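**Student:** So for the sequence shown, numbering that gives the first Met the number 0 puts the first residue at 0; every next one is plus one. Ideal placement from N, C-alpha and C gives every residue a C-beta, glycine not left out. None of the values given here were measured: they were computed from a predicted structure.
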Amino acid sequence: MIFWNDSLYKQLDNTQPQPYKGTVESLISNAAYEKMESLNQARSQLPKKYSPVHPEIVSIDNQVKSSQAIRSIKSA
Numbered sequence: 000m001i002f003w004n005d006s007l008y009k010q011l012d013n014t015q016p017q018p019y020k021g022t023v024e025s026l027i028s029n030a031a032y033e034k035m036e037s038l039n040q041a042r043s044q045l046p047k048k049y050s051p052v053h054p055e056i057v058s059i060d061n062q063v064k065s066s067q068a069i070r071s072i073k074s075a
């Protein structure tokens, strides 16, 4: 028979569950991939209106590069 100590019970009750590291990394990588996909889709429409050096296209390209960097870090 196990008797629960009040302080031990409170300590366990207040403990936050810790997610598995691989799960967190996978979620981050998937979010970065989804962001890249939506950015690439948006960017594919822009050359019809703007030149490749337009600030909106440059901004999207930079965001895609950032998302790729996040994915490569999390995939390593």
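Give a yes or no on contact between the region 59–68 and the region 20–27, applying the rule of three or more CB pairs nearer than 8 Å.
**Tutor:** no
**Student:** Tell me which residues share the same chain as residue 33 and place their Cβ nearer than 6 Å to its Cβ, disregarding the 5 neighbours each side in the sequence.
**Tutor:** Mapped onto the sequence shown, residue 33 falls at position 34. Cβ within range, chain order: n/a, list empty.
**Student:** Evaluate residue 5 with the Cβ neighbour count: other Cβ atoms within 10 Å of its Cβ, from every protein chain shown; 16 or more gives buried, anything less gives exposed.
**Tutor:** Residue 5 sits at position 6 when you count from the first residue of the sequence shown. In the assembly as shown, residue 5 is an exposed residue. Its beta-carbon has fewer than 16 other beta-carbons within 10 Å.
**Student:** So the candidates are 52, 53, 31 and 43; which of them puts its Cα closest to the Cα of residue 62?
**Tutor:** Working through the sequence shown from its first residue, we reach residue 62 at position 63. For the set 52, 53, 31 and 43, the Cα lying nearest the Cα of residue 62 is the one of 31.
**Student:** Give the straight-line distance between the Cα atoms of residue 27 and residue 43, rounded to the nearest whole angstrom.
**Tutor:** Taking the first residue of the sequence shown as position 1, residue 27 is located at position 28. Taking the first residue of the sequence shown as position 1, residue 43 is located at position 44. Near 24 Å, if we compare the C-alpha coordinates of residue 43 and residue 27.
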